[in-house]
Amino acid sequence: MTFAANMTRRWFQLMFGLFLYGMAIAMMIRAALGIAPWDVLAQGISIHSGIEFGWVSVMVSLVVLLLWIPIKQRLGIGTVLNALLIGPWAQLWLWLIPEKQDDLVVRIGLFAMGLLLLGIATGLYIGARFGPGPRDGLMTGLHKKLGVKIWIVRTSIEIVVLIIGWILGGNVGLGTVVFALLVGPLVHFTMPLLHVPEPRTEPS
21 MTFAANMTRR WFQLMFGLFL YGMAIAMMIR AALGIAPWDV LAQGISIHSG
71 IEFGWVSVMV SLVVLLLWIP IKQRLGIGTV LNALLIGPWA QLWLWLIPEK
121 QDDLVVRIGL FAMGLLLLGI ATGLYIGARF GPGPRDGLMT GLHKKLGVKI
171 WIVRTSIEIV VLIIGWILGG NVGLGTVVFA LLVGPLVHFT MPLLHVPEPR
221 TEPS
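Using the working numbering, the letters of the sequence shown map in sequence onto residues 21 to 224.
Here you go:
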């Protein structure tokens, strides 16, 4: 693959991945079975502030990026676009997907599709190699700074934001548990599958 083709694929994966990620979040929210910890936090803040979920998500991401400063994490263009675009895409799909989903089977299907889509979206934008998302960077940065095992850092952060979001009224439920159990294996599968390799250099 040439450098130009490689770069085109990387940009397509990044932008399409962020688009799908926003859609996935909206689907899981509309399923109303419980959502991911960071989304519980954003939803709780949205309930109390009156600001729509998507814009709260952007604000939370920007605050997380400020936390990168003391741990000396480097921003990538993908990191910035992740912070700025996922929230608006999620908000668009929250406007498009009907809020009232009375059929439990439909809700379960909506959640399952959203979770699967989120796993694919994560593989796409991380595989594009433009930098981690704000929350992933915070996790890896604290891991390096504190010397604590990465799973302990991730679990601790997510428990804290989950509790705060739950207190604020965010939707914690069985879906939150399912997300916690399955998102790791999904991303473990999609990341190597969608990783964009370095372009080959032709021998002179």
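The beta-carbon is built from N, C-alpha and C at its ideal position, and this holds for glycine as well.
Could you check whether the Cβ of H163 sits closer than 7 Å to any heavy atom belonging to the ligand ATP? The ligand ATP is not part of this structure, which contains no ligands at all.
Which value, in whole angstroms, describes the spacing of the CA atoms of M21 and I65? By 1-based counting over the sequence shown, the position of residue 21 is 1. By 1-based counting over the sequence shown, the position of residue 65 is 45. Going by the C-alpha atoms only, they are around 45 Å apart.
contact_flag[the region 110-128, the region 89-100] where n(CB pairs < 8 Å) is 3 or more: no
Excluding the five sequence neighbours on either side, which residues of its own chain have a C-beta within less than 6 Å of the C-beta of H68, listed in chain order? Sequence index remark: in the sequence shown, residue 68 carries index 48 (1-based). Contacts found: L188.
With a Cβ-Cβ cutoff of 8 Å, do I106 and G54 count as a contact? Residue numbering aside, residue 106 sits at position 86 when the sequence shown is read from its first letter. Residue numbering aside, residue 54 sits at position 34 when the sequence shown is read from its first letter. No, Cβ-Cβ distance for I106 and G54 is not below 8 Å.
In whole angstroms, what separates the C-alpha of M35 from that of P108? Taking the sequence shown and counting its residues from 1, the one referred to as residue 35 is at position 15. Taking the sequence shown and counting its residues from 1, the one referred to as residue 108 is at position 88. Cα-Cα distance, rounded: 13 Å.
E178: first and last residue of the uninterrupted alpha helix (DSSP H) it sits in: Here residue 178 refers to the residue found at position 158 of the sequence shown. Element bounds for E178: 170-187.
Would the beta-carbon of L135 fall within 8 Å of that of M48? If you number the sequence shown from 1, residue 135 lands on position 115. If you number the sequence shown from 1, residue 48 lands on position 28. Taking 8 Å as the Cβ cut-off, L135 and M48 qualify as a contacting pair.
Give a yes or no on whether the C-beta atoms belonging to G147 and T99 are separated by under 8 Å. Taking the first residue of the sequence shown as 1, we reach residue 147 at position 127. Taking the first residue of the sequence shown as 1, we reach residue 99 at position 79. No, the pair does not count as a contact, with Cβ atoms beyond the cut-off.
Taking 8 Å as the threshold (C-beta atoms), are N191 and Y145 in contact? If you number the sequence shown from 1, residue 145 lands on position 125. If you number the sequence shown from 1, residue 191 lands on position 171. In this structure, N191 does not lie closer than 8 Å to Y145 by Cβ.
Go ahead and pull the three-state DSSP assignment for G157. For the purposes of this step, residue 157 is taken as residue 137 along the sequence shown, with counting starting at 1. Helix at G157.
Spatial neighbours of H215 within its chain, please: CB distance less than 7 Å, with the 5 preceding and 5 following residues excluded, ordered by chain position. On the sequence shown, residue 215 is found 195 positions in, with the first residue counted as 1. Answer for H215: G147, listed in chain order.
Whose CA, out of K169, R30, R50, lies closest to the CA of M133? Locating residue 133 in the sequence shown gives position 113, counting from the first residue. Out of K169, R30, R50, R50 has the C-alpha closest to the C-alpha of M133.
Taking its Cβ as the centre, do 16 or more other Cβ atoms sit within 10 Å of W58, making it buried, or is it exposed? Against the sequence shown, residue 58 aligns to sequence position 38. With 16 or more other Cβ atoms within 10 Å, it is buried.
Could you tell me whether the Cβ atoms of L225 and I184 are closer together than 8 Å? No information on residue 225 is available, as it lies outside the stretch 21 to 224 that the chain covers here.
Per-residue DSSP class, three states only, for K92: To locate residue 92, count along the sequence shown from 1; it is residue 72. K92 falls in the coil class under three-state DSSP.
To the nearest angstrom, how far is the alpha carbon of L166 from that of R174? In the sequence shown, residue 166 corresponds to position 146, counting from 1. In the sequence shown, residue 174 corresponds to position 154, counting from 1. Taking the straight line joining both Cα atoms gives about 13 Å.
Got a sec? Which residues, its chain only, sit under 7 Å from S77 by beta carbon, not counting five neighbours each side? Position 57 of the sequence shown, counting from 1, holds the residue named residue 77. Answer for S77: A62, I106, G107, A110, listed in chain order.
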